[in-house]
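Engineer: The working numbering puts the first residue of the sequence shown at 493, with every later residue one more than the last. Every residue gets a Cβ at the ideal spot worked out from N, C-alpha and C, and that includes glycine.
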Amino acid sequence: MATTTSTGKAKCFKCDKDKVVYLCEGCSQKFCLTDLTEHHKNHGIELDKIITDCDAFQQKLIEQQVDQNQRVLIQQIDEWEKDSINKIKQTAEECRQISIKFTVDNIVVTKKELNKLITDCRQILQEDDFNEFHLDQLKKELEKLEKGEYME
493 MATTTSTGKA KCFKCDKDKV VYLCEGCSQK FCLTDLTEHH KNHGIELDKI ITDCDAFQQK
553 LIEQQVDQNQ RVLIQQIDEW EKDSINKIKQ TAEECRQISI KFTVDNIVVT KKELNKLITD
613 CRQILQEDDF NEFHLDQLKK ELEKLEKGEY ME
């Protein structure tokens, strides 16, 4: 503990010289003016470091928040992608089923119409009652069936 001499001076905590000293209320030590100024300057440096650390921490929090927002957005996009793919698969399957049914129905109708045409041809041949007009008509009906155009 520093004691005051008869000259009103005391030992400086830092330089250990008898000088006029000032009490630092933070650490309760006595410093000469030069060392007190240096002591205070060191506190300023420490405070600057704390502020820098606070700024860096704040930046990390902002980046984490941005990352979190981006993660949420990415999750939403992933979910949208899965939903879209499922809808596309479902629609494709429905289209396949419709196409299969149409093809089967088309074949059934075509066979029915072809059988009718064959029956008509055989009947005309059996009756021996035809001419070029009938032959042209029968050829046109066969061409329609081959093209998928049905007789009604």
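At the level of alpha carbons, what is the spacing between D597 and K639?
Structural biologist: If you number the sequence shown from 1, residue 597 lands on position 105. If you number the sequence shown from 1, residue 639 lands on position 147. If you take the alpha carbons of D597 and K639, they lie about 15 Å apart.
Engineer: Let's test the definition: count the other Cβ atoms within 10 Å of the Cβ of D575 and tell me whether it reaches 16, buried, or not, exposed.
Structural biologist: The count along the sequence shown starts at 1 and reaches residue 575 at position 83. Label assigned to D575: exposed.
Engineer: Secondary structure at D510, three-state DSSP: helix, strand or coil?
Structural biologist: Along the sequence shown, one-based indexing puts residue 510 at 18. In the structure shown, D510 falls within a strand segment according to DSSP collapsed to helix, strand and coil.
Engineer: From Q615 to I599, what does the alpha carbon distance come to, in whole angstroms?
Structural biologist: The residue given as residue 615 occupies position 123 in the sequence shown. The residue given as residue 599 occupies position 107 in the sequence shown. Distance between the alpha carbons of Q615 and I599 is about 24 Å.
Engineer: For M493, count the other beta carbons within 10 Å of its own beta carbon; 16 or more makes it buried, fewer makes it exposed. Which is it?
Structural biologist: Locating residue 493 in the sequence shown gives position 1, counting from the first residue. Confidence in M493 is poor, its pLDDT being 45 and thus under 50, which makes the residue's placement unreliable; the coordinate value appears in the next sentence. By the neighbour-count rule (16 or more Cβ atoms within 10 Å), M493 is not buried but exposed.
Engineer: Among the candidates L553, D570, K603, E624, whose CA atom is the shortest distance from the CA of E641?
Structural biologist: Translated into positions along the sequence shown, residue 641 becomes position 149. The shortest Cα separation from E641 among L553, D570, K603, E624 belongs to K603.
Engineer: Using CA atoms only, rank isn't needed, just tell me which of L617, L609, E619, D620 is closest to L630.
Structural biologist: Mapped onto the sequence shown, residue 630 falls at position 138. When only C-alpha atoms are compared, the closest one is L609.
Engineer: For the alpha helix (DSSP H) that contains K574, what are its first and last residues?
Structural biologist: Within the sequence shown, the letter at position 82 stands for residue 574. First-last of the alpha helix (DSSP H) with K574: 525-619.
Engineer: What residue range does the alpha helix (DSSP H) around E652 cover?
Structural biologist: One cannot answer for residue 652 here, as it falls past the ends of the chain, which runs 493 to 644.
Engineer: Would C507 and C524 be called neighbours here (beta carbons separated by less than 8 Å)?
Structural biologist: On the sequence shown, position 15 is the one that residue 507 refers to. On the sequence shown, position 32 is the one that residue 524 refers to. The answer is yes: Cβ separation under 8 Å.
Engineer: Just how far apart, CA to CA, sit N578 and W572?
Structural biologist: In the sequence shown, residue 578 corresponds to position 86, counting from 1. In the sequence shown, residue 572 corresponds to position 80, counting from 1. One alpha carbon belongs to N578, the other to W572, and they sit about 10 Å apart.
Engineer: Is the beta carbon of F549 closer than 8 Å to that of K522?
Structural biologist: Taking the sequence shown and counting its residues from 1, the one referred to as residue 522 is at position 30. Taking the sequence shown and counting its residues from 1, the one referred to as residue 549 is at position 57. Cβ atoms of K522 and F549: not closer than 8 Å.
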